[in-house]
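For reference, the structure is listed below as structure tokens.
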Amino acid sequence: MESATVSVGHDHADHHHGPPEANQSSRIDRQTLGILLFIVSEVMLFGAFFASYFFLRVVVNPATWPPEPYELPVAVAGMNTAILVSSSFTIHYALESIRRGNRAGLKLGLVATWLLGATFLFIQINEYVHLGFSARDLSFGSIFYSLTGLHGAHVFVGLMLLTFATIRAFRGHFGPKAEDHLGVEVPGIYWHFVDIMWIIVYVTVYIL
Amino acid sequence: MSLNEAAVFKWVVIVGVAAALIIAVTLLTRPLVGALLGLVIVIAGCIYAYRWIEQKRH
Chain A
520 MESATVSVGH DHADHHHGPP EANQSSRIDR QTLGILLFIV SEVMLFGAFF ASYFFLRVVV
580 NPATWPPEPY ELPVAVAGMN TAILVSSSFT IHYALESIRR GNRAGLKLGL VATWLLGATF
640 LFIQINEYVH LGFSARDLSF GSIFYSLTGL HGAHVFVGLM LLTFATIRAF RGHFGPKAED
700 HLGVEVPGIY WHFVDIMWII VYVTVYIL
Chain B
28 MSLNEAAVFK WVVIVGVAAA LIIAVTLLTR PLVGALLGLV IVIAGCIYAY RWIEQKRH
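Residue numbers (the working numbering), protein chains in the order written: chain A, 520 to 727; chain B, 28 to 85.
Have a look at this one:
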């Protein structure tokens with residue numbers, strides 16, 4: 520009886536090394552859940568910056584917004600918005616292509632997205648150079664550069680992710696099955712988030 | 028509705044259309060009207076999201 524108990528104890532020890540396996544949802548994979556939780560934290564970060572923006576604009580309540588003599592290039596930023604929104608369509612095209620097994624479409628979509636993203640960043644830096652005010656000029660300058668700069672940093676990170684995905688695509692990685700193209704799916708979700716945030720930043724800062 | 032890139036892309040289109048509406052109203056009227064419309068859209072979106080989550084829970 521005693522020996523049987525000892526034997527069962529040994530079996531138990533053989534099959535359970537380390538902590539128990541983590542539960543995995545059947546509805547969402549870990550990578551996608553990770554990027555969604557990351558995006559939730561990013562929304563809170565942007566929320567803090569928007570709160571500062573509205574505080575300065577509504578509570579401080581200057582006579583004009585933007586304060587005289589500053590002006591914002593609404594048309595140029597609008598064109599830049601169109602460029603960034605277009606890049607969401609191209610990354611979606613890339614993912615739809617790989618879902619159908621079209622590798623050429625994947626590469627084309629990723630390269631187009633990267634080029635559109637880089638163009639957006641280039642135009643934004645060019646805008647900073649020609650604006651005529653800096654982050655030191657009034658609270659308006661500070662919050663303008665903080666909000667648009669925070670977003671620009673996110674575009675830069677997105678471009679890095681897209682660079683890795685594009686290199687992998689040209690090396691023959693990724694396949695039609697969902698688990699075989701997570702390396703494009705996750706940067707794609709992040710890129711859409713960056714696009715949505717820019718639409719909100721553009722409407723808030725340049726239009727309203 | 029599954030949680031993947033296609034679902035998030037749908038939100039890009041929804042936010043884009045809402046933004047275009049706000050921009051049009053703002054340019055045709057005053058920024059305050061556009062801001063109020065934006066607020067209404069955000070509140071409607073929150074109500075929709077809450078109902079969607081409740082529906083998923085039960």
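Every residue, glycine too, gets a C-beta built ideally from N, C-alpha and C.
Values in this document were obtained by computation on a predicted structure and should not be read as measured data.
As assigned by DSSP and simplified to three states, the class of residue i
{"i": "aspartate 714 of chain A", "result": "helix"}
{"i": "leucine 629 of chain A", "result": "helix"}
{"i": "threonine 682 of chain A", "result": "helix"}
{"i": "phenylalanine 574 of chain A", "result": "helix"}
{"i": "glutamate 540 of chain A", "result": "coil"}
{"i": "proline 695 of chain A", "result": "coil"}
{"i": "alanine 47 of chain B", "result": "helix"}
{"i": "proline 706 of chain A", "result": "helix"}
{"i": "alanine 582 of chain A", "result": "coil"}
{"i": "threonine 551 of chain A", "result": "helix"}
{"i": "leucine 30 of chain B", "result": "coil"}
{"i": "threonine 56 of chain B", "result": "coil"}
{"i": "histidine 85 of chain B", "result": "coil"}
{"i": "leucine 64 of chain B", "result": "helix"}
{"i": "leucine 657 of chain A", "result": "helix"}
{"i": "arginine 546 of chain A", "result": "coil"}
{"i": "histidine 700 of chain A", "result": "coil"}
{"i": "leucine 669 of chain A", "result": "helix"}
{"i": "leucine 564 of chain A", "result": "helix"}
{"i": "arginine 690 of chain A", "result": "coil"}
{"i": "leucine 744 of chain A", "result": "Here chain A has residues from 520 to 727 only, and residue 744 of chain A is not among them."}
Proximity of residue i and residue j at Cβ, strictly below 9 Å
{"i": "serine 658 of chain A", "j": "leucine 591 of chain A", "result": "no"}
{"i": "tyrosine 750 of chain A", "j": "glycine 597 of chain A", "result": "The requested residue 750 of chain A is not part of the displayed model; chain A covers only 520 to 727."}
{"i": "glutamate 646 of chain A", "j": "asparagine 599 of chain A", "result": "yes"}
{"i": "glycine 707 of chain A", "j": "histidine 692 of chain A", "result": "no"}
{"i": "histidine 711 of chain A", "j": "valine 39 of chain B", "result": "yes"}
{"i": "tyrosine 725 of chain A", "j": "valine 604 of chain A", "result": "no"}
{"i": "leucine 650 of chain A", "j": "tyrosine 589 of chain A", "result": "yes"}
{"i": "leucine 30 of chain B", "j": "isoleucine 617 of chain A", "result": "no"}
{"i": "leucine 727 of chain A", "j": "alanine 62 of chain B", "result": "yes"}
{"i": "valine 42 of chain B", "j": "isoleucine 554 of chain A", "result": "no"}
{"i": "threonine 733 of chain A", "j": "leucine 666 of chain A", "result": "Not covered by the structure: residue 733 of chain A. The range shown for chain A is 520 to 727."}
{"i": "glycine 65 of chain B", "j": "alanine 45 of chain B", "result": "yes"}
{"i": "glycine 620 of chain A", "j": "glycine 694 of chain A", "result": "yes"}
Residue burial classification, residue i (beta-carbon count within 10 angstroms, cutoff 16)
{"i": "serine 544 of chain A", "result": "exposed"}
{"i": "tyrosine 572 of chain A", "result": "buried"}
{"i": "leucine 542 of chain A", "result": "It is asparagine, not leucine, that sits at residue 542 of chain A in the sequence shown. It counts as exposed."}
{"i": "alanine 684 of chain A", "result": "buried"}
{"i": "asparagine 580 of chain A", "result": "exposed"}
{"i": "alanine 805 of chain A", "result": "Residue 805 of chain A is absent from the structure shown; chain A starts at 520 and stops at 727."}
{"i": "valine 705 of chain A", "result": "buried"}
{"i": "isoleucine 49 of chain B", "result": "buried"}
{"i": "leucine 614 of chain A", "result": "buried"}
{"i": "phenylalanine 663 of chain A", "result": "buried"}
{"i": "isoleucine 610 of chain A", "result": "buried"}
{"i": "serine 607 of chain A", "result": "buried"}
{"i": "histidine 700 of chain A", "result": "buried"}
{"i": "leucine 54 of chain B", "result": "exposed"}
{"i": "alanine 51 of chain B", "result": "exposed"}
{"i": "threonine 551 of chain A", "result": "buried"}
{"i": "leucine 629 of chain A", "result": "buried"}
{"i": "alanine 601 of chain A", "result": "exposed"}
Contacts that residue i makes with chain E (C-beta to C-beta distance below 9 Å)
{"i": "valine 42 of chain B", "result": "Here chain E cannot be found, since the structure's protein chains are A and B."}
| task | Would you check if the segment 637 to 654 of chain A and the segment 67 to 80 of chain B touch, i.e. whether three or more CB-CB distances between them fall below 8 Å? | result | no
| said: Taking contact to mean 3 or more Cβ pairs, one atom from each stretch, closer than 8 Å, check whether the segment 664 to 679 of chain A and the segment 630 to 639 of chain A are in contact. | reply: yes
| query | Along the chain, which unbroken stretches of the beta strand (DSSP E) at least 3 residues long are found entirely within the segment 585 to 653 of chain A? | reply | none
| message | Check whether the segment 712 to 721 of chain A and the segment 30 to 41 of chain B are in contact - that is, three or more C-beta pairs closer than 8 Å. | response | yes
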